[in-house]
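A.B. asks: Throughout the sequence shown, residue numbering follows the numbering used here, covering 385 to 444 in sequence.
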Amino acid sequence: MLIAKEKILDLLHQMPDEVEVDEIIDQIKLTAKIDQALNESAKNLGEDWEDFKKEWLSEN
385 MLIAKEKILD LLHQMPDEVE VDEIIDQIKL TAKIDQALNE SAKNLGEDWE DFKKEWLSEN
């Protein structure tokens, strides 16, 4: 979830000044739903998922 928040903050800094607050809120809600779905699916994958995630994050 921390990574998602960092990405959101990064996107906010890159956005033009004239942005609708509702659009930002919708994007944050969508990101939260995606994070929740990923976390729920990760529960079923076990340690393999954790290893993959660590490897993927270290590459990016």
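Every residue, glycine too, gets a C-beta built ideally from N, C-alpha and C.
So, D419 versus A388, is the Cβ gap smaller than 8 Å?
C.D. replies: The residue given as residue 419 occupies position 35 in the sequence shown. The residue given as residue 388 occupies position 4 in the sequence shown. Taking 8 Å as the Cβ cut-off, D419 and A388 qualify as a contacting pair.
A.B. asks: Per DSSP, what kind of secondary structure is E407 in: helix, strand or coil?
C.D. replies: Your numbering for residue 407 matches position 23 in the sequence shown. Correct three-state label for E407: helix.
A.B. asks: Take Q411 as the anchor and find which of D394, S425, N423, E434 has the nearest alpha-carbon.
C.D. replies: Along the sequence shown, read from residue 1 onward, the residue named residue 411 stands at position 27. That would be D394, whose Cα lies nearest to the Cα of Q411.
A.B. asks: Please report the Cβ distance between L396 and I409, rounded to the nearest whole angstrom; I am assuming they are in contact, meaning their Cβ atoms lie under 8 Å.
C.D. replies: Translated into positions along the sequence shown, residue 396 becomes position 12. Translated into positions along the sequence shown, residue 409 becomes position 25. Actually they are not in contact, since the Cβ atoms of L396 and I409 sit about 12 Å apart, beyond 8 Å.
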